[in-house]
Each structure stands twice: as structure tokens, then as C-alpha cells.
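Chains as they are written, first to last, in my numbering: chain D, 30 to 317; chain E, 35 to 350.
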């Protein structure tokens, strides 16, 4: 159940521990697969823990309940972070994370709702997630259901025109039950060749103004500060009636592993055994 | 030709949506600001509660439909065939076909006859595109009555489906009350010298071609294939028993009905063939008559293709 302005220090500590545990599992899964993405999953981890452990009204034992809150990972390449949090939340065994990206796995490189319970939409081709969220939010109102729909987008995919087609229609249909979360880690896969060369920070100083221009209410939050994240996300839909809300979460790509932080090269890169051990040590794993 | 009833498929489409809205409480129609062309406006006028305007934004249009489908709604995405098959193709692939969501696509103004709008608004490759896409069902009705019957069948079918519709009135050639079976082809005329296999409203031109040829003493078999996918393989193989097959479609011969029939016969019953349709070209803006003439889709063209094939195969 959503709560949380009064969240206890103890609970905050638990959530932070869960996020660290999730990061360890993400690093291990990517190391084992020798494939997949790291930077984006690590920037999204805290938000996913906040959503699945405090914000979303969901039941892992009944993942198709009609009244559940919906979540769409529009930045589908961060799938391993979502899978890890779903596993920690009890949707499927944690051991299954080791099957990521292997043949016949339910944990596909990009989320496939046809094989894994708990996924509300298949994603992977960037810029597409907000539109199904609009459909779900319209549908909720038509069905008289009070569930909320959260869509997490990467800041890079805001370059896709479809995002703004969806933003326009969401405001038009007064979808105050829809929340877009922008994982604003400022680093896409390769970026624009302006001063400084490849991997340069993606400058989007206008990102807030863009959402506001499309008729959205905008909140900004530190995407790694659990004490702020939980209440911000839990109450994001309680803004102005008839107005959808965008939460711009300021994040660090590769968060939690010092040599990955703010390094575009770790967008997607296999880990060596040594790098994996170093990353896990930073994330508090005791040497075997 | 004796006088036959003429109906515009787009009008039947709009009227049938109204009929279906009464039968299915979950039916919704999503428009891309073309409702007065596609005639989805008929539904909007009768049942505004079932109509969702999505504006000039086809990619979002498909995504919204996918989201609604996850809640059990049955969204009909209405736009022009050219836009559905190209402008939002990635969206259809990723959020509808791959997750196998129950979204219906109604592609209006298909083929060359689009009210003189030209190549940007003509769809010459939509059948090929959707045939190639896994999970998609592809239907091209032959006339107004078949549009209505196919739409009823589509509501009973679960899964992504593309319905290819035309703009202008065309002759009614199928029985008004015949329930439509997705995946079934229909013999419209029995014959023994040569077989015409066609889809969509081109079937009415194939029937006219059969009349022309019949007047020349040629016995023509006509098979109408309103479902391009799944294809009625048995019916096509059986129809090829004349030993000569001419396919006809208002679409490119590459990957469309002609390509599909060639694939089937190549595997099951190698048969001399000629494919009538667009020959790897886009169209242009012009009235219907000159378009059919220039791009080789008239009954006379179909008849000539049949004569050529008969001549070519007579020697062997």
C-alpha cells in the first residue's frame, strides 16, 4: 500500500539495503550472461525498489489482478533491473535471474509480457512505452478502476517523437491517473558529437519545460534518495485533477559502482571477473 | 454486366462498427483524424461513447490501442492502409504483434484507388508487410457484404488482425449472409481450363475477366482469397488442378497474394503462373479508370494474362 511521508528510518534502511542487494544481483546476472546493460539498470534501481516495495498497489501472488497498479518500463533495455526487483518482491525465484539472456529464458533482453508474469507491457524499441500507458489510463477511467499507471522512460528516448504524441494525448484526455518517470541520467549510448566527443552528457536543460508545455505537471526528485523518492512517487498522481504528472528523476548512470558511474561506456558492456569482483566489493559483498 | 449492387467498403465498415458496438461492449474505435474519410465517423455519430480521437499521430494511436487491449477492450485502429502499414509499423510489431494483443487494424483507402491522392496515400505493399509479420492475420474482403461478415468474424477471433479496405463503391459479389471464416477461400466460379485467384475488390475484376474469357470458349475457375494469412492452402492447391493459375490483386505482385500463391504451389503443386498486379512500382494521383489501365489491373488485363498463359502452356 502506498504510504510514506511517515516512513520509518528502519523501513528506509530496509529499502536502501534492498536496492544494494538488487545492484549486486544485477551485476552478477550481467556478468554471468556476458551480455546486457548495466548503466541504465543501475540508475533505475532505487526507483524500481521504491515502486515495487512501497508505491505500487500490487500482489506478486496475483500478478494479473484487474485493479493492480500498472508499470511499464519504456526503457526496456534496463530489463535486468526490473527482473531483479520483481524477483526480490516475490514474483519468481531469485535463482531465475541467472537465466537472463539465455535460450528459453523468461528473462528476455527486453521485457516480454507473454512469458513473464508481472510485466504489464512488452517494450524494447525506445519511445513506445508511454502510449500503452495512455491506453491503460484511459481504460482505467472507462472501467471505473482507480489503479494508477506508471511509465519509466529514459531521458535519451525523449528524443523519440512518439513520446510527445503520447504526452499530448495524455493531457488532452486529462489522465491524472498517469505518471511518467524520467530516468534523467544524462547519458545515452553514444550521444551527440559536440564539444568533448563521444559519451558527452546529453544536455536537456529544457526537459522540464517540454513536459510543462505539453500540459503536464512536473516534479523533480533525486532518483537515488529513497526518503524523497517514495513519497514523491506515491503521491505523484495526487496533483491537479485532470493533469498528468511527470517525475524527472535526477540520476547517475552506473550508480553504485564507482568505475561505472557517469561512464557511457558502461551502457552495455560485459564485465571481466576482476571487474565483477570489484563492483560487488563496492556494493558490500564480502569476498567468498 | 447486368446491374449489380454497388457498395463502398468504407461505408459498410462504418455501419458495421455501429452494429458491433451494440453486440460487444468492449469495442472501441481509435481514429487518426481521418474518420470522415475512413467512415469511422458513422460510428462516432451513432456511438460517440465508443469513439476515441487520437489526432494526427499514428504511432501513439497504436500504442494506446495496445494499452487498452491489455484491459480487455477490443480496439479498432482506423486510418489509411498506407499509414498503418508503414507509419506505425514498428509500434504494431513491438506492442501488438509480439505480445499478441487483440487489436484490429482497419486500413482504409488501400491499393491504388484512393481518391486521386497519389503515391503517398496509396498502399501497394501492405499485404506483403503484414503477411511477413508473425502473429498477424490479414484479411482483404472482396466487397461490402464480405466486409461486414469479416468484421463479425474478427470480433470472435482473438489476436492482431489487419483488415484491408477500399474507398470507392465496388460490385457486391459474395453472398450477403454467408458467415465469414477466417482462413477460408471461396470458389466463385467452376471451370477447367484456367484458374483465376484473386483477393480484395480485385476479385470483381477477375470475375469480369472470367466472363470475357468465357465468351471466347475458355472455361475459367475463380477462387476468391479474402484471407491472405492464414492462407487456405488446400483450396489453392485444389484450384490449381486446371494446370494454369493467374493471380490478381491491387497490390504489388511481390509478397502479396501472387507471391503467397506461388509459394504454396511451388511447394505443393508446381503450376505455371502469371501474377497480375503492380510490378515493383509506386502509383500516382489520377482517377480510378486511368490508374487501373496504366497499372494493368482492369478485367481486360487479367483476361489477357490468362490468354498469354494458355498460349504459353498449350505448346507443352
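No residue lacks a Cβ here, since even glycine has one placed at the ideal position from N, Cα and C.
Residues of chain E with CB under 8 Å from residue 167 (chain D), in chain order?
Within the first chain, the letter at position 138 stands for residue 167 (chain D). Residues of chain E passing the Cβ test: 86, 98, 101, 102.
Quick one: grab the DSSP three-state call for residue 212 (chain D).
In the first chain, counting from the first residue as 1, residue 212 (chain D) sits at position 183. If DSSP states are grouped into helix, strand and coil, residue 212 (chain D) belongs with the strands.
Between residue 108 (chain D) and chain E, is there a C-beta pair that is closer than 8 Å?
If you number the first chain from 1, residue 108 (chain D) lands on position 79. It does not; no Cβ of chain E falls within 8 Å.
Which residue or residues does DSSP assign as beta-bridge partners of residue 171 (chain E)?
Along the second chain, read from residue 1 onward, the residue named residue 171 (chain E) stands at position 137. Bridge partners of residue 171 (chain E): E:195.
To be precise: take each residue of the region 125 to 143 of chain D, compare its Cβ to all Cβ atoms of chain E, and keep it if any distance is under 7 Å. Which residues remain?
142, 143
For residue 211 (chain D) and chain E, any beta-carbon pair shorter than 8 Å?
Stepping through the first chain from its first residue, residue 211 (chain D) is reached at position 182. For residue 211 (chain D), the answer is no, since every Cβ of chain E falls outside 8 Å of its Cβ.
Please return the same chain residues whose Cβ sits closer than 8 Å to the Cβ of residue 309 (chain D), not counting the five positions on each side in sequence.
Position 280 of the first chain, counted from the first residue, corresponds to residue 309 (chain D). Excluding sequence neighbours, residue 309 (chain D) sits near 53, 56, 57.
Strictly below 7 Å CB to CB, what residues from chain E border residue 153 (chain D)?
As a working mapping, residue 153 (chain D) is identified with position 124 in the first chain. Near residue 153 (chain D) (Cβ distances below 7 Å), the residues of chain E are 128.
Residue 182 (chain D), DSSP secondary structure in three states
Translated into positions along the first chain, residue 182 (chain D) becomes position 153. Three-state result, residue 182 (chain D): strand.
In its own chain, which residues sit with a C-beta less than 6 Å from the C-beta of residue 130 (chain E), not counting the 5 before and 5 after it?
Numbered from 1 along the second chain, position 96 holds the residue referred to as residue 130 (chain E). Only 100, 137, 194 meet the Cβ criterion.
Is the Cβ of residue 150 (chain D) closer than 8 Å to any Cβ of chain E?
As a working note, residue 150 (chain D) is residue 121 in the first chain. Among the residues facing chain E, residue 150 (chain D) is included, as its CB has a counterpart in that chain under 8 Å away.
Here's the rule: buried if 16 or more other CB atoms are within 10 angstroms of the residue's CB, otherwise exposed. What is residue 31 (chain E)?
Examination of residue 31 (chain E) is not possible in this model, given that chain E is present from 35 through 350 alone.
Sort D:170, D:235, D:59, D:97 by Cα distance to residue 205 (chain D) and report the nearest one.
Stepping through the first chain from its first residue, residue 205 (chain D) is reached at position 176. For residue 205 (chain D), the nearest C-alpha among the options comes from D:170.
C-alpha distance - residue 318 (chain E) paired with residue 203 (chain D), whole-angstrom precision:
Working through the second chain from its first residue, we reach residue 318 (chain E) at position 284. Working through the first chain from its first residue, we reach residue 203 (chain D) at position 174. Between residue 318 (chain E) and residue 203 (chain D), the C-alpha separation is close to 41 Å.
Going by DSSP in three states, residue 278 (chain D) sits in which element: helix, strand or coil?
Position 249 of the first chain holds residue 278 (chain D). The answer is strand: DSSP assigns residue 278 (chain D) an E or B state.
Can a CB atom of chain E be found closer than 8 Å to the CB of residue 161 (chain D)?
Numbered from 1 along the first chain, position 132 holds the residue referred to as residue 161 (chain D). Look at residue 161 (chain D): its C-beta is under 8 Å from a C-beta on chain E.
Within 10 angstroms of the Cβ of residue 39 (chain E), are there 16 or more other Cβ atoms? Answer buried if so, exposed if not.
As a working note, residue 39 (chain E) is residue 5 in the second chain. The residue in question, residue 39 (chain E), is exposed, as its Cβ has fewer than 16 Cβ neighbours within 10 Å.
Go ahead and label residue 219 (chain D) buried or exposed: buried means 16 or more other beta carbons lie within 10 angstroms of its beta carbon, across all protein chains shown.
The count along the first chain starts at 1 and reaches residue 219 (chain D) at position 190. Counting Cβ neighbours within 10 Å, residue 219 (chain D) comes out exposed, since fewer than 16 surround it.
CB-CB under 6 Å to residue 89 (chain E), same chain, minus the five flanking residues each way: which ones, in chain order?
If you number the second chain from 1, residue 89 (chain E) lands on position 55. Same-chain partners within the cutoff: 67.
Cβ of residue 107 (chain E) less than 8 Å from any chain D Cβ?
As a first step, residue 107 (chain E) must be located in the second chain, where it is residue number 73. With 8 Å as the cut-off, residue 107 (chain E) counts as an interface residue toward chain D.
Listed by chain order, chain D residues near residue 202 (chain E) by CB distance under 7 Å
Translated into the one-based positions of the second chain, residue 202 (chain E) becomes position 168. The contacting residues do not exist; residue 202 (chain E) stays about 31 Å from chain D at best.
Taking the C-alpha atoms as reference points, what is the distance between residue 289 (chain E) and residue 283 (chain E)?
The residue given as residue 289 (chain E) occupies position 255 in the second chain. The residue given as residue 283 (chain E) occupies position 249 in the second chain. Taking the straight line joining both Cα atoms gives about 11 Å.
In its own chain, which residues sit with a C-beta less than 8 Å from the C-beta of residue 50 (chain D), not counting the 5 before and 5 after it?
Within the first chain, numbered from 1, the residue matching residue 50 (chain D) stands at position 21. Counting only Cβ-Cβ distances below 8 Å, and skipping sequence neighbours, we find 117.
Cβ separation of residue 248 (chain D) and residue 68 (chain D), assumed to be a contact under 8 Å, to the nearest whole Å
Position 219 of the first chain holds residue 248 (chain D). Position 39 of the first chain holds residue 68 (chain D). Their Cβ separation, rounded to whole angstroms, is 24 Å, which puts residue 248 (chain D) and residue 68 (chain D) out of contact at 8 Å.
Tell me the DSSP secondary structure of residue 301 (chain D) in three-state form.
Along the first chain, one-based indexing puts residue 301 (chain D) at 272. DSSP places residue 301 (chain D) in the coil class of the three-state scheme, outside both helix and strand.
Identify the continuous beta strand (DSSP E) that holds residue 284 (chain E) and give its terminal residues.
As a position in the second chain, residue 284 (chain E) is number 250, starting the count at 1. Residues 279 to 286.
Check for me: the beta strand (DSSP E) holding residue 102 (chain D) runs from which residue to which?
Working through the first chain from its first residue, we reach residue 102 (chain D) at position 73. Run containing residue 102 (chain D): 99 to 102, per the beta strand (DSSP E) assignment.
Alpha helix (DSSP H) segments (min. 4 residues) lying fully within the region 239 to 317 of chain E
Those alpha helix (DSSP H) runs which fall completely within the region 239 to 317 of chain E and span 4+ residues are 267 to 273, 291 to 302.
Residue range of the beta strand (DSSP E) that residue 243 (chain D) falls in?
Mapped onto the first chain, residue 243 (chain D) falls at position 214. Looking at the DSSP string, residue 243 (chain D) is not in any beta strand (DSSP E), and its letter there is neither H nor E.
So, does the CB of residue 145 (chain D) fall closer than 8 Å to a CB anywhere in chain E?
Along the first chain, read from residue 1 onward, the residue named residue 145 (chain D) stands at position 116. So no, residue 145 (chain D) is outside the interface.
Report, in whole angstroms, the separation of the C-beta atoms of residue 230 (chain E) and residue 63 (chain E), which I expect to be a contact under 8 Å.
Against the second chain, residue 230 (chain E) aligns to sequence position 196. Against the second chain, residue 63 (chain E) aligns to sequence position 29. The beta carbons of residue 230 (chain E) and residue 63 (chain E) sit about 35 Å from each other, so the pair does not count as a contact at 8 Å.
Find the nearest neighbour of residue 265 (chain D) within the set D:210, D:313, D:126, judged by alpha-carbon distance.
For the purposes of this step, residue 265 (chain D) is taken as the residue at position 236 of the first chain. Of D:210, D:313, D:126, the residue nearest in Cα terms is D:210.
Starting from the C-beta of residue 214 (chain E), find all residues in its chain whose C-beta is less than 6 Å away, skip the five residues before and the five after it, and write them out in chain order.
The sequence position of residue 214 (chain E) within the second chain is 180, counting from 1. The answer, listed in chain order, is 183, 184, 187.
Could you run through the region 179 to 192 of chain E and flag, in chain order, every residue whose CB is less than 9 Å away from some CB of chain A?
Included in the structure are the protein chains D and E, with no chain A among them.
Do three or more CB pairs link the region 259 to 278 of chain E to the region 310 to 324 of chain E at distances below 8 Å?
As far as the Cβ criterion goes, the region 259 to 278 of chain E does not touch the region 310 to 324 of chain E, which means the pair count is below three.
Proximal residues of chain D, C-beta to C-beta of residue 150 (chain E) below 9 Å:
For the purposes of this step, residue 150 (chain E) is identified with residue 116 of the second chain, where counting begins at 1. Within 9 Å Cβ-Cβ: nothing; residue 150 (chain E) doesn't reach chain D, min ~29 Å.
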